[in-house]
Amino acid sequence: IGNLIGAVIFALLVHYCDMNTGLTADLARKIVYKKCSKDFLKTFIKGIGCNWLVCMAVFLSGQAQDMTGKMVGIWFPISCFVAIGFEHIPANMFVLTMG
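Mind the numbering: the sequence shown is residues -19 to -1, 1 to 80 in mature numbering (1 follows the signal peptide of the UniProt record, and there is no 0), read in order.
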C-alpha cells in the first residue's frame, strides 16, 4: 500500500508541476497502453523475477564492505532486470498513474 500511495503522490506532484504535458504525456499514454495490454500471468512472473533481482541487490549491497562493492552489488542485478525486461511493479504504479 505504501508504494502505491507514494507513486500516486509523486505522479500528482509531477502533474501539478506541469511536467506531464505535450510529448511527455503522449509517451506516458503509449507506455500505459502497452503495459495494460500485456498478459497478466506473464507480467506476474516478470514481477517475481524482478523482485528476486532487487532482493539480491539489497543483499549484495548489505554484504559489501566498501562503497565500490555496494555500488556494484546494486548495479549488476538492477541492470540485469532492466536488460531482461522484467516488470518493476512499484515503478509501473507510477507510470500507470501518469498515463
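Ideal Cβ placement from N, Cα and C applies to all residues, glycine included.
- Excluding residues up to 5 positions away in sequence, A(-13), V(-12), A(-9) lie with their Cβ nearer than 7 Å to the Cβ of T78 in the same chain.
- If you look at I12, you'll find it in the alpha helix (DSSP H) that goes 4 to 17.
- With a contact defined as Cβ atoms closer than 8 Å, P71 and N(-17) qualify at about 4 Å.
- S42 places its beta carbon less than 7 Å from that of K51.
- When secondary structure is reduced to three states using DSSP, Q44 falls in the helix class.
- The Cβ-Cβ distance between K15 and F67 does not fall below 7 Å.
- Its chain contains no residue whose beta carbon lies nearer than 6 Å to that of I29 once the 5 sequence neighbours on both sides are disregarded.
- Distance from the CA atom of T5 to the CA atom of I(-15), rounded to whole angstroms, is 22 Å.
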